[in-house]
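Here this note's numbering = 1-based position in the sequence shown + 1220.
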Amino acid sequence: MNTEQRVLETLETLQADLARLADRMTDVGVEMRATRQHVAGLVAVQDHDHVELAQVKRRLDRIERQLRAKR
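Written out as structure tokens, the structure reads:
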């Protein structure tokens, strides 16, 4: 096998490796977008929970004030 053939084979191997890497990077990009969307959903749920918790705390504070006022 001469040098030119070896160089061509090496370049073909590199090209195939780069194609596989490009495919994998596409997959990683899709996975990252899905993860970001999932995290955004979790943050939205957490924000909603904080709002509900704040409402419950306000109601509890109001009830406690009313009970203290009745003593």
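Quick reminder that beta carbons are idealized off the backbone N, C-alpha and C, glycines included.
According to DSSP, is residue i part of a helix, a strand, or is it coil?
i: R1291; result: coil
i: M1221; result: coil
Measure the alpha-carbon distance for residue i versus residue j and round it to whole angstroms.
i: T1246; j: M1252; result: 10 Å
i: A1242; j: L1234; result: 12 Å
Within a Cβ cutoff of 7 Å, which residues of the same chain sit near residue i, ignoring the five residues on either side of it in sequence?
i: N1222; result: none
What does a CB cutoff of less than 6 Å around residue i pick up in its chain, not counting 5 residues either side in sequence?
i: L1231; result: none
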